[in-house]
Amino acid sequence: MATLLNWLSLRTWKNKYIVKRGKKTIVHYTVMLRKRKSLILGSNVKIKHHAMLKGRIIVGDNTDISAYVVIKANKKSAVTIGNNCLIREFSYLDSIGGIKIGNNVRLSHHVSLIASTHHFERTDIPFSEQGMYTKGGITIGDDVLIGAGAKVLDGVTIDNGAIIGTSAVVTHNVKTHSIVGGIPAREINVRGRPKTNLLKAQA
Ligand SMILES: CC(C)(COP(=O)(O)OP(=O)(O)OC[C@H]1O[C@@H](n2cnc3c(N)ncnc32)[C@H](O)[C@@H]1OP(=O)(O)O)[C@@H](O)C(=O)NCCC(=O)NCCS
């Protein structure tokens, strides 16, 4: 039944939103799409139930977007996701400054990428009337794991091979192969470095 509904929704209204769709790509019939002619999907992409996608979003091959993920982009600030990526449940990607994600990247569940910042300098009017700006968006390289519940703020670049620990708040750039954790996120190790060496180095 679900297969039939998926087929029907893609054949009818969903293709109004999808500019290009590769082979074996599945968009679950409950997925909410919010901007016409805005989605480019590679091959073998899976967008699972109750995800919400708004604005210009480009997804590479073999990438899964899990249930209840929200991705918001607009014409000026696309969200680009590479090949072989997994965005897990309840993650939230908000792009005023643009979000670029490389290949082989995993966002665990409840990750937030917040590529926008509020103006609040004036105290004579509410912050909600002061608008928003961007510090340059968020860029994530290849082979990056972002642990469950982590938050990445606007203007941050995470280089290839980095690991972001569970619940980290990433406020500064993260170097290649660095393992970071905490609030604000600090380097706690480097990928490939034996833990015994780390302990000796700290002694
Ligand atoms: C960051 C992480 C990769 C580190 O793993 P590890 O290299 O095995 O590190 P260890 O567990 O040996 O911990 C090393 C140190 O970092 C600390 N640390 C570990 N994870 C941390 C985190 N998320 N935030 C802050 N500090 C952390 C440890 O307390 C330890 O500190 P200590 O030496 O003072 O005791 C791991 O803890 C993590 O958060 N993984 C992500 C898990 C996840 O979300 N998976 C997705 C599921 S869908």
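Note that the numbering used here has the sequence shown beginning at 166, numbered continuously upward. Ideal Cβ placement from N, Cα and C applies to all residues, glycine included. Everything numeric in this text was worked out from a predicted model, so none of it was measured.
Taking a contact to mean a Cβ-Cβ separation below 8 Å, would you say residue i touches residue j in this structure?
{"i": "G306", "j": "G263", "result": "no"}
{"i": "K202", "j": "I230", "result": "no"}
{"i": "H274", "j": "R253", "result": "yes"}
{"i": "M217", "j": "M197", "result": "yes"}
{"i": "I246", "j": "V276", "result": "no"}
{"i": "C250", "j": "V270", "result": "yes"}
Do you know how far the Cα of residue j is from the Cα of residue i?
{"i": "T336", "j": "A315", "result": "11 Å"}
{"i": "T322", "j": "K300", "result": "11 Å"}
{"i": "K181", "j": "G347", "result": "43 Å"}
{"i": "K189", "j": "T341", "result": "33 Å"}
{"i": "I205", "j": "D289", "result": "43 Å"}
{"i": "S281", "j": "V345", "result": "22 Å"}
{"i": "E352", "j": "S343", "result": "6 Å"}
{"i": "N171", "j": "D319", "result": "35 Å"}
{"i": "R356", "j": "G330", "result": "12 Å"}
{"i": "A368", "j": "N209", "result": "Note that A368 scores 44 on pLDDT, short of 50, meaning its location in the model is unreliable and no value can be drawn from it."}
{"i": "E294", "j": "H283", "result": "10 Å"}
{"i": "R358", "j": "A313", "result": "23 Å"}
{"i": "F158", "j": "A232", "result": "Because the chain in this structure spans residues 166 to 368, residue 158 falls outside the shown range and cannot be described."}
On a Cα-Cα basis, can you pick out the residue from the options that is closest to residue i?
{"i": "A396", "options": "V334, G347, N354", "result": "Outside the displayed span of the chain (166 to 368) sits residue 396, for which this structure offers no information."}
{"i": "K219", "options": "A232, S208, A243, N209", "result": "A243"}
{"i": "I311", "options": "G357, K213, A350", "result": "A350"}
{"i": "L278", "options": "Y257, I266, N171, Y233", "result": "Y257"}
Would you grab the beta carbon distance between residue i and residue j for me? Rounded to a whole angstrom, and I think it's under 8 Å.
{"i": "S260", "j": "K240", "result": "Not a contact, Cβ separation roughly 11 Å."}
{"i": "D324", "j": "V334", "result": "18 Å between Cβ atoms; not a contact."}
{"i": "V192", "j": "K200", "result": "At roughly 14 Å, the Cβ-Cβ gap does not stay under 8 Å, so V192 and K200 are not in contact."}
{"i": "T228", "j": "H215", "result": "Incorrect: roughly 18 Å between the Cβ atoms, too far for contact."}
{"i": "K360", "j": "T304", "result": "Not a contact, Cβ separation roughly 29 Å."}
{"i": "D226", "j": "G187", "result": "6 Å"}
Going by DSSP, which residues form a beta bridge with residue i?
{"i": "G346", "result": "R351"}
{"i": "R287", "result": "DSSP, once it has assigned bridges, lists no residue as partnering R287."}
{"i": "A280", "result": "S260"}
{"i": "M217", "result": "M197, V235"}
{"i": "K300", "result": "None, per the DSSP bridge assignment."}
{"i": "D229", "result": "K211, L251"}
{"i": "L206", "result": "R186, V224"}
{"i": "R358", "result": "Partner(s): none; R358 has no beta bridge."}
Strictly under 8 Å for the Cβ-Cβ distance: is residue i near chain B by that measure?
{"i": "E286", "result": "Absent from the structure: chain B. Only one protein chain is present."}
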